[in-house]
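Reading through the structure tokens given below for one structure.
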Amino acid sequence: MTTRQRSSPDKLEKIVSLAKRRGFIYPGSEIYGGLAGTWDYGPLGAELKRNVKNEFWKNIVYGHENIVGVDAAIMMNPRVWEASGHLKSFSDPLVECKKCHHRFRADEMGKTCPDCGGGEFTKPKQFNLMVETYLGVVEGEKLKTYLRGEITQGVHVNFKNVLDSTRIKLPFGVAQIGKTFRNEITPGDFTFRSREFEQMELQYYVRPDKNESMKILEYWKEERMKWYENLGINRKNLRFKMHEKLAHYAQAAFDIEYDADGDWKEMEGIHHRGDWDLRRHQEFSKQDLTYFDEETKERFLPFVIETSGGLDRAILFFLMDAYAEEKDRIILKLHPKLAPYKAAVFPLLANKPELVKLAREAYSLLTTHYSLLPVAWDDRGNIGKRYYSQDEIGTPYCVTVDFDSLEKNDVTVRNRDSMKQERISIEKLGDYLNKKIV
Ligand code: GAP
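Numbering (this note's numbering), first residue to last: 16 to 453.
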């Protein structure tokens, strides 16, 4: 998938522009001309990303007694990647234009080169996506290893450690969120296909029973779909897609896809990995990775059901789904749990010290509610401009201190989506907003 093939680029282009302008996402290393496939999250993007991660962790780890989390190293012993099959099979078919020498993924190309208008392609060859790196200080003796090509293996190599240290019993899950690196042939479509990105995953270990494990896969498919929906993505913009062609580790696989303006795109994979990972790590490490079932007295390698979401893709699609244009405003209708700022506080007029003083008091009061942080303060321009500015970044509530506030000790709370206003006493403001957001 490349920009060339997108059916409707408009919305994505608007998101790219808004993301840069308002500090969600910038091109990586921009002042040096960038680095293809890398992106930096700005002040608002960092908050949004943190919120998405927190919602994943709360839902998956804190929401299930039998799921724990880990945070494994990005660099691993290179044998891990031999065992996982990544060194042999983690590749995409690459073709090169014989005329302009631009390279593309063969599965995304027609017969001729789109860049120079008609050059013929070489025969496809497999191009490995692992990013190489070298460790050690002595030239010639450096260890060649890889930046992880999926976060998954950091979980599987710790299967025994987690079992031994927690005494957890099947079925159980191990979740992780973290960076992944892939030398993508054609990074593009903003953050959709990057070379450095984050994944949020659950590896759920179950008894090696085909029927039972397929039922558990169905359960996680639905759970993950609900998660996106509960965080505000319109269900009609989501669908499951079954994989016909399976990855080297998978026995069954589905994607959750998002309708990116007429173009269905993969957002998360739900995979039945069988016992591929544990079996291969057992073979390559020569360690016993079997599970002992105390009830049945059996020893076996569990199957794994995996949910593997792209954090950056989720953020991109949360932004796309939330983006709306109304008469004279742009709104990001982000779910309040995801919105970078939960509320913004303004004095009606910045040159009236009595209004500023009371607005500052209201602001301080809100910042004592952990769930409302961060709260924005804005006293620039007129009130209309401030609403416009907060709508565009998705702030769900704007709080204004006006002249009536001085007498009644209350504020106006404006709802981002309906634009309806309510008067709330300052005393009750924190609890009022807290209830709306949590
Ligand atoms: N552990 C399984 C695994 O990594 P995957 O389908 O290769 O499976 C999972 O990746 C998710 O990671 C994808 O559904 C996608 O959301 C995200 N992802 C994959 N490649 C990506 C890339 N180059 N840029 C951004 N996100 C990517």
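Glycine residues also receive a C-beta, built at the ideal position from the N, C-alpha and C atoms.
(request) Pick out whichever of I248, R288 and K280 has its Cα sitting closest to the Cα of A265. (result) Ranking the options by Cα distance to A265, first place goes to R288.
(request) Kindly confirm or deny that the segment 296 to 307 and the segment 272 to 287 touch, where touching means at least three C-beta pairs closer than 8 Å. (result) Cβ pair count under 8 Å is below three, so no.
(request) Give a single yes or no on whether R118 has its beta carbon closer than 8 Å to a heavy atom of ligand 1. (result) Placement of the Cβ of R118 at a distance of 8 Å or more from every heavy atom of ligand 1 is found.
(request) Determine which residues share a DSSP beta bridge with P93 and list them. (result) None, per the DSSP bridge assignment.
(request) Following the continuous alpha helix (DSSP H) through H171, name the residue where it begins and the one where it ends. (result) Membership of H171 in the alpha helix (DSSP H) is indicated by the continuous run T167 to H171.
(message) Less than 6 Å between C-beta atoms, sequence neighbours within five positions excluded: which residues of the same chain meet that for M215?
(response) These residues qualify, in order along the chain: F71, I192, G324 and L326.
(message) Nearest by alpha-carbon distance to E244: which of D204, E211, D336 and S180 is it?
(response) Distances from the CA of E244 to each of D204, E211, D336 and S180 were compared; the closest alpha carbon is that of D336.
(message) For the structure I just gave you, are there three or more beta carbon pairs, one from the segment 127 to 140 and one from the segment 65 to 85, closer than 8 Å?
(response) Contact between the segment 127 to 140 and the segment 65 to 85 is absent, because fewer than three Cβ pairs lie under 8 Å.
(message) Would R401 and Y412 qualify as a contact pair, given that the criterion is a beta-carbon distance under 9 Å?
(response) No, Cβ-Cβ distance for R401 and Y412 is not below 9 Å.
(request) Within 10 angstroms of the Cβ of L388, are there 16 or more other Cβ atoms? Answer buried if so, exposed if not. (result) Classification of L388: exposed, given that the 10 Å Cβ count is below 16.
(message) Taking the straight line between their C-alpha atoms, what separation do you get for I200 and C131?
(response) I200 and C131 have their C-alpha atoms spaced approximately 18 Å apart.
(message) Counting beta carbon pairs with one atom in the segment 249 to 259 and one in the segment 269 to 276, are three or more of them shorter than 8 Å?
(response) Contact between the segment 269 to 276 and the segment 249 to 259 is present: three or more C-beta pairs spanning the two stretches fall below 8 Å.
(request) Figure out for me which residue from N397, I46 and I408 has the closest Cα to the Cα of V390. (result) For V390, the closest of N397, I46 and I408 by C-alpha to C-alpha distance is I408.
(request) Leaving out five residues on either side along the sequence, give the residues of the same chain with a beta carbon under 6 Å from the beta carbon of G100. (result) Once the five neighbours on either side are set aside, the close Cβ partners of G100 are H263.
(request) Evaluate R438 with the Cβ neighbour count: other Cβ atoms within 10 Å of its Cβ, from every protein chain shown; 16 or more gives buried, anything less gives exposed. (result) Answer is exposed; the Cβ neighbour count stays below 16.
(request) Verify whether the separation of the beta carbon atoms of K256 and D270 is less than 9 Å. (result) Closer than 9 Å, so yes.
(request) Drop a sphere of 10 angstroms on the beta-carbon of D393, count the other beta-carbons inside from all chains shown, and report buried for 16 or more, exposed for fewer. (result) Within 10 angstroms of the beta-carbon of D393 lie 16 or more other beta-carbons, which makes it buried.
(request) Pick out whichever of W54, F418, N198 and H384 has its Cα sitting closest to the Cα of F361. (result) F418 is the residue among W54, F418, N198 and H384 whose C-alpha sits nearest the C-alpha of F361.
(message) By the DSSP assignment, the alpha helix (DSSP H) with H384 in it spans what residues?
(response) Premise fails: H384 is in no alpha helix (DSSP H) and is neither H nor E.
(request) Would you kindly check if the distance between the Cβ of R210 and the Cβ of V146 is under 9 Å? (result) Contact check for V146 against R210 passes: the beta carbons are separated by less than 9 Å.
(message) So, with DSSP's three-state summary, where would you put G52?
(response) Here G52 sits in coil by DSSP.
(request) List the DSSP bridge partners of M145. (result) DSSP links M145 through a beta bridge to no other residue.
(message) On a Cα-Cα basis, can you pick out the residue from I40, E28 and K157 that is closest to I454?
(response) Given a span of 16 to 453 for the chain in the structure shown, any question on residue 454 remains unanswerable.
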